[in-house]
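Here's the structure we're looking at; comments come further down.
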Amino acid sequence: MGDLNTSQSLLEELEAASMVGMTGAVWARVQGEKIAVYDPDGTAHSFAKVNANANKLVRLFRSRGIKAGDSIAVVCSNRVEFIEALQASRRSGLRFTPVNWHLTTDEIAYIIQDCEAKIVVGEARVATVGTATAACPDVQIKLAVGGPIDGFESYNDAIASMDGDDITDPVLGNQMMYTSGTTGRPKGVFRPVPAITPQAMYALRGYDHQTSVQMCAGPAYHAAPLAFDISAALGAGVPLIFIDKWDSELVLRTISEKKVTHFHLVPIMFQRLLALPAEVKAKHSVDHVTYIVHGAAPCPPEVKHAMIEWFGPKLSEYYAGSEGGAGFTIDSHEWLKKPGSVGKRPQLLQVRILDENGNDLPNGQAGGIYHQLPPGGGFTYYKDEAKTNASRVDGFFTMGDVGYFDEDDYLFLTGRNAETIISGGVNIYPQEVDNELIKHDAVADSATVGIPHDEWGEQVKAVILLKPGYEPSDTLAQEILDFGRRSLPSFKVPRSLDFVTDLPRSEAGKIQRNKVRAPYWEGRTRQI
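For reference, each letter of the sequence shown is one residue, going 51 to 578 in my numbering.
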């Protein structure tokens with residue numbers, strides 16, 4: 051790699067380096083002493099240090115017989131070692147699988163075993179990781195971060211004697227995310243061709259490596275923060291500030307004090323920020339924010355309107371999944387013209403709306419959303435041909451989402467097939483109901499589900515989390531239901547309402563309706 055004389059030569063070098071996973075090496079040479087990662091406790095790590103440790107890991111792996119094509123599983127929270135292991139995998143040809151460290155011992159062991167990991171990087175705070183890894187005999191290297199783990203060697207000790215200079219024969223690695231798995235075991239989403247983000251994309255998102263700052267407030271192991279926070283910061287050469295656990299005031303203070311310009315959030319995070327007292331919000335400037343990207347879960351229009359009013363038209367929404375997608379995006383200006391949409395029909399890949407018999411539906415009618423597979427097939431569910439085939443129709447695949455195109459070819463999501471309520475033979479999509487109930491002043495969060503009904507099969511029930519200052523009562527329940535009746539067709543209005551003190555959401559921010567729904571169906575052999 052030669053000297054950098056102009057910004058154009060830097061871009062060209064970065065593009066070339068991305069093809070072999072060495073983007074971090076370029077940034078380490080350009081701005082080696084600049085901070086690349088801030089751990090949640092404030093510890094800072096330079097670009098040079100992160101890059102050197104990635105090179106050390108590559109040499110450690112190779113010295114132990116690990117080869118390109120092997121797999122590494124990382125079971126740790128938001129911390130610098132996650133970044134170093136990711137960079138090492140990308141330049142040594144490994145398949146990188148981040149594991150949700152909140153899972154049970156059995157679930158973690160399943161993913162480590164299923165992805166065929168030869169390496170596990172585990173964190174001492176994850177009490178289950180040692181036992182889970184011990185159940186996986188094919189693991190050859192076990193590295194512990196954040197303290198000792200039985201059966202593991204110290205991460206820092208293992209790489210201490212390794213050479214940190216840039217490796218001279220990098221091989222581009224890949225990654226394999228695991229789906230959340232609404233039924234049965236989660237499955238790895240495997241793409242034979244690694245995705246590479248062009249440098250032009252970072253420019254479009256307003257990145258400037260000299261001034262931009264990225265925040266990661268979601269879990270690193272999830273596909274969206276990994277793509278839009280971590281990989282973006284690594285590719286654009288900007289500092290990454292890790293948040294360990296959601297705290298609304300901490301997040302807002304970090305945005306303000308650290309001059310954060312870019313971050314990814316999910317709608318429930320928007321709601322929690324918006325719920326902060328006015329005097330708290332007034333203390334923290336957000337004028338410097340450049341780009342807020344969101345997705346992973348439907349965002350109620352009122353919530354998004356409020357965020358745009360507060361932060362300005364800085365929000366960009368995407369619609370995709372671990373499996374990929376056709377490429378829906380919509381910025382704030384376009385969204386304000388089409389509130390509730392996730393974007394216009396893409397130009398490169400087709401999208402079909404199909405009924406349950408596989409027939410195409412006209413604009414305006416909701417059905418299953420099917421995305422055209424890119425050339426080469428796009429992805430497979432790892433070692434599960436049946437699940438792969440079940441998601442496909444004539445070169446298109448579905449992620450189980452339901453929606454419709456309006457007359458101008460803008461896509462609107464109405465729910466997921468797995469969550470559809472069938473009451474009296476009529477399909478009801480609970481997200482539509484939630485989007486209305488959450489507009490009520492007392493409602494902090496809403497999860498509409500179908501509960502058993504002897505005559506209709508299922509009856510619509512609203513399960514509501516109240517905002518601070520409101521107390522559950524029959525009167526308030528009726529008020530919320532009457533509120534929903536103003537905007538919802540009568541058959542979609544919940545017939546009953548329960549108050550709860552917590553609503554389960556995944557780390558991606560998606561409401562876990564199966565968990566909300568389960569108590570109502572307990573003891574019944576029929577679940578629909």
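Ideal placement from N, C-alpha and C gives every residue a C-beta, glycine not left out.
Worksheet entry | Three-state secondary structure (DSSP) of residue 177 | The answer is coil: DSSP assigns residue 177 none of H, G, I, E or B.
Discussion item. My assumption, with CB atoms under 8 Å, is that residue 568 sits in contact with residue 526. Please give the rounded CB distance.
Written reply: Wrong, their Cβ atoms sit about 25 Å apart, outside the cutoff.
Worksheet item: Among 88, 484, 368 and 237, which residue has its Cα nearest to the Cα of residue 163?
Response: Each of 88, 484, 368 and 237 was checked against the Cα of residue 163, and the nearest Cα belongs to 237.
Practice prompt. Per DSSP, which residues does residue 88 bridge with? Please list them.
Written response: 94 and 291.
Worksheet item: Is the beta carbon of residue 151 less than 8 Å from the beta carbon of residue 186?
Response: Cβ atoms of residue 151 and residue 186: not closer than 8 Å.
Discussion item. Using only CA atoms, which one of 261, 124, 275 and 331 lies nearest to residue 309?
Written reply: Of the candidates 261, 124, 275 and 331, 261 places its Cα closest to the Cα of residue 309.
Practice prompt. Out of 486, 451, 381 and 268, point me to the one whose CA is closest to residue 469's CA.
Written response: Checking every option, the nearest Cα to that of residue 469 belongs to 451.
Practice prompt. Write down every uninterrupted run of the alpha helix (DSSP H) in the segment 352-398 whose length is 4 residues or greater and which is fully enclosed by it, in chain order.
Written response: Segments of the alpha helix (DSSP H) lying fully in the segment 352-398: 382-387.
Worksheet item: Which residues in the same chain as residue 455 place their Cβ atom closer than 6 Å to its Cβ, once the five residues preceding and following it in sequence are excluded?
Response: The answer, listed in chain order, is 413 and 461.
Worksheet entry | Where residue 225 falls, given that 16 or more other Cβ within 10 Å makes a residue buried | Residue 225 comes out buried.
Worksheet item: With burial defined as no fewer than 16 other Cβ atoms inside 10 Å of the residue's Cβ, what is the status of residue 220: buried or exposed?
Response: Result: buried.
Worksheet entry | Cα-Cα separation between residue 110 and residue 560, rounded to whole angstroms | One C-alpha to the other measures close to 38 Å.
Worksheet item: With 16 other CB atoms within 10 Å as the buried threshold, where does residue 137 fall?
Response: Under this definition residue 137 is a buried residue.
Worksheet item: Nearest CA to the CA of residue 139: which residue from 284, 265, 121 and 258?
Response: Closest in alpha carbon position to residue 139, among 284, 265, 121 and 258, is 121.
Worksheet entry | Straight-line gap, residue 68 to residue 263 (C-alpha atoms, nearest Å) | If I take the Cα positions, the gap works out to 21 Å.
Worksheet item: Helix, strand or coil for residue 423 per DSSP?
Response: Residue 423 falls in the coil class under three-state DSSP.
Worksheet item: Which residues in the same chain have their Cβ closer than 8 Å to the Cβ of residue 570, if we skip the five residues on either side of it in sequence?
Response: Cβ within range, chain order: 499, 501, 502 and 511.
Worksheet item: What does a CB cutoff of less than 8 Å around residue 231 pick up in its chain, not counting 5 residues either side in sequence?
Response: With a pLDDT of only 47 at residue 231, under the threshold of 50, the placement of this residue in the model should not be trusted, and no figure is reported.
Worksheet item: In terms of alpha-carbon separation, which member of 147, 157 and 154 lies closest to residue 170?
Response: The residue from 147, 157 and 154 with its alpha-carbon nearest to that of residue 170 is 147.
Worksheet item: With a Cβ-Cβ cutoff of 8 Å, do residue 288 and residue 317 count as a contact?
Response: Their beta carbons are not under 8 Å apart, which means residue 288 does not touch residue 317 by this criterion.
Discussion item. Check whether chain C comes within 8 Å of residue 185, counting only Cβ atoms and requiring the distance to be less than that.
Written reply: Absence of chain C from the displayed structure is noted, only one protein chain being present.
Worksheet item: Would residue 446 pass as a contact of residue 420 if the rule is Cβ separation under 8 Å?
Response: Contact flag set, yes.
Item to complete: Please list, in chain order, all residues of the same chain as residue 522 whose beta carbon is under 8 Å from its beta carbon, the five residues on each side excluded.
Response: Result list for residue 522: 516 and 549, in chain order.
Worksheet item: Are the beta-carbon atoms of residue 361 and residue 314 separated by less than 8 Å?
Response: Taking the C-beta atoms as reference points, residue 314 is found no nearer than 8 Å to residue 361.
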